[in-house]
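Visitor: Below: one structure in structure tokens.
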Amino acid sequence: MNKREFLKTGGLLGVASLLPTGRLFASGAAGSCVLIPTETAGPFPLDLTANTFYFRQDVREDRTGAPLRLRLRILGDQNCGAMENLRVNIWHCDADGVYSGYTNQNGGVDTTGLTFLRGYQITDANGDVEFLTIFPGWYPGRVCHIHFQVYVNSNYSAISQLTFPITEKQAVYTDNPTLYPAGTDPLTPSQDGIFSDGYQYQEATLTFNSLTQEYESYLEVTVQGTGVPTGLQEVRNAEQFSVGQNQPNPFTDRTVIPIVLKQTGDLTLDLYDLNGRRVARIVREGLAAGEHVIAIAPDALGISPGSYAYQVEVRNANGVFRQVKLMTAAR
């Protein structure tokens, strides 16, 4: 099993920072949460799933700008509950309004082959992902914004954009003039063609943390569903095996992963950290059909407290099948 195969099954948890939270409600909305408005993917929506390099929390690379810690919480519209084990992609421009990976931007800037300010993570048990990036700049015709995609299952993903409160946004630019030489953003969201029809559910919080010297931003995003995968690939996997959420989660000394095989097969469990490095592997060959459990003990595996993705791969007479979930080893 290699890293590319692992990430093709769904990608990978942000450690939640202490930011203000609040749920968005509207009468008549399904479940009482409001679906995030669907927006265009923009002119620069590289397919993050095509390259395992993009699985990362810190997406800055060499870009300079005011540090921004962005947390998104993904909720299901049917019950307003946290949606765990979903892949969330983000991408945005740098402080000069330039995206990575494209030509002819802002007067001919060419960033072909570059990968800055793009990445993805998988939601944890609270529905959260977290990224470390820089506060984006702006470019003509668009207000400051960040693109994101929530990949719910193989049949459905929600693509949208977020922006920031005007006063707080402009303060970032005026307080950091050397980082943002273009100055303040000349547009408001209502003047932007993407947000002009309303942006109530797309305006993220923005505060400055004097202890970490970082800006912090938070947004709750409601998508369709309750957290149960229903896409074609998920149905195919279910015909061969099922993987439960590890229990307990979070855990300290030990956790177990319940697995049900529909027929005899070989099982491989790989454990990955948030930067896509495989830190442990457990192999069980010739397992009979039925219920099985895999125990995870951090001390025995030599892993530190933190969040990890576990991928279960099953090989049987019908082929190779994989599923990914998140677990958290507490301190």
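The sequence shown begins at 78 in the numbering used here and counts up by one.
Every residue gets a Cβ at the ideal spot worked out from N, C-alpha and C, and that includes glycine.
On the premise that V111 lies in contact with Y32, defined as a C-beta separation below 8 angstroms, what is that separation, rounded to the nearest angstrom?
Guide: Residue 32 is absent from the structure shown; the chain starts at 78 and stops at 408.
Visitor: Suppose only complete runs of 4+ residues qualify. What are the alpha helix (DSSP H) ranges in the stretch 232-318, listed by chain order?
Guide: Listed in chain order, the complete alpha helix (DSSP H) runs (minimum 4 residues) inside the stretch 232-318 are 243-252, 309-315.
Visitor: DSSP puts N395 in a beta bridge; with which residues?
Guide: Bridge partners of N395: none, in fact.
Visitor: F208 by DSSP, collapsed to three states: which one?
Guide: Reduced to three states, the DSSP call for F208 is strand.
Visitor: Flag this pair as yes or no: are the beta carbons of V391 and L346 separated by less than 7 angstroms?
Guide: Not a contact, by the Cβ cut-off of 7 angstroms.
Visitor: Give me the residue from A366, R140, L288, L351 with the minimum Cα distance to N393.
Guide: The shortest Cα separation from N393 among A366, R140, L288, L351 belongs to A366.
Visitor: Nearest by alpha-carbon distance to E161: which of T261, S177, N230, P375 is it?
Guide: Nearest C-alpha to E161: N230.
Visitor: Can you name the start and end residues of the beta strand (DSSP E) that A357 belongs to?
Guide: Counting along the chain, the beta strand (DSSP E) containing A357 begins and ends at 355-364.
Visitor: Under DSSP, the beta strand (DSSP E) around P375 begins and ends at which residues?
Guide: Element bounds for P375: not the beta strand (DSSP E) but the alpha helix (DSSP H), 375-378.
Visitor: Inspect the CB distances between the stretch 263-279 and the stretch 185-202 and report whether three or more fall short of 8 angstroms.
Guide: Output reads no: the stretch 185-202 does not touch the stretch 263-279.
Visitor: Roughly how many whole angstroms lie between the Cα atoms of T210 and I223?
Guide: If you take the alpha carbons of T210 and I223, they lie about 11 angstroms apart.
Visitor: In whole angstroms, what is the alpha-carbon distance linking L170 and V220?
Guide: Before going on, a small fix: residue 170 reads as Cys here, not Leu. Rounded to the nearest angstrom, the two C-alpha atoms are 11 angstroms apart.
Visitor: Which residues in the same chain as G396 place their Cβ atom closer than 6 angstroms to its Cβ, once the five residues preceding and following it in sequence are excluded?
Guide: So the list is empty, once near-sequence residues are dropped.
Visitor: Would you report the Cα separation of N253 and F212, rounded to the nearest angstrom?
Guide: Cα to Cα, N253 sits roughly 11 angstroms from F212.
Visitor: For V312, which residues in the same chain have their Cβ closer than 7 angstroms to its Cβ, ignoring the five residues on either side in sequence?
Guide: Contacts found: none.
Visitor: Could you round the C-beta distance between R148 and E207 to whole angstroms and report it? I think they count as a contact, below 8 angstroms.
Guide: Rounded, the Cβ-Cβ distance is 5 angstroms, consistent with contact.
Visitor: Excluding five sequence neighbours on each side, which residues of the same chain lie with their C-beta closer than 8 angstroms to the C-beta of R358?
Guide: Hits under 8 angstroms: M78, T345, L346, D347, L348.
Visitor: By the DSSP assignment, the beta strand (DSSP E) with Y197 in it spans what residues?
Guide: Start and end: 195-199.
Visitor: Where does the unbroken beta strand (DSSP E) through W215 begin, and where does it stop?
Guide: First-last for W215: undefined, no H or E at that position.
Visitor: In chain order, what residues of the same chain lie with their CB nearer than 6 angstroms to the CB of A374, ignoring the 5 residues before and after it?
Guide: Hits under 6 angstroms: R331.
Visitor: On the three-state DSSP scale, how would you describe Y349?
Guide: Looking at Y349 - three-state DSSP - the assignment turns out to be strand.
Visitor: Measure the C-alpha to C-alpha separation of R355 and G275 and round it to an integer number of angstroms.
Guide: The alpha-carbon atoms of R355 and G275 are separated by roughly 43 angstroms.
Visitor: Drop a sphere of 10 angstroms on the beta-carbon of S177, count the other beta-carbons inside from all chains shown, and report buried for 16 or more, exposed for fewer.
Guide: Looking at its Cβ environment, which holds 16 or more other Cβ atoms inside 10 Å, S177 is buried.
Visitor: What do you get for R399, buried or exposed, if any count of 16 or more other CB atoms within 10 angstroms of its CB means buried?
Guide: So R399 ends up on the buried side.
Visitor: If you measure between the beta carbons of V165 and Q198, is that distance less than 7 angstroms?
Guide: Yes, they are a contact pair.
Visitor: For my contact list, E291 and R146 are in at a C-beta cut-off of 8 angstroms; report their separation, rounded to the angstrom.
Guide: Sure, about 5 angstroms apart at Cβ, within 8 angstroms.
Visitor: Under three-state DSSP, which class holds Y131?
Guide: Helix, per DSSP.
Visitor: Let me know the secondary structure DSSP gives L125 once reduced to three states.
Guide: The predicted model places L125 with a pLDDT of 47, which falls under 50 and marks its position as unreliable, so this point remains unresolved.
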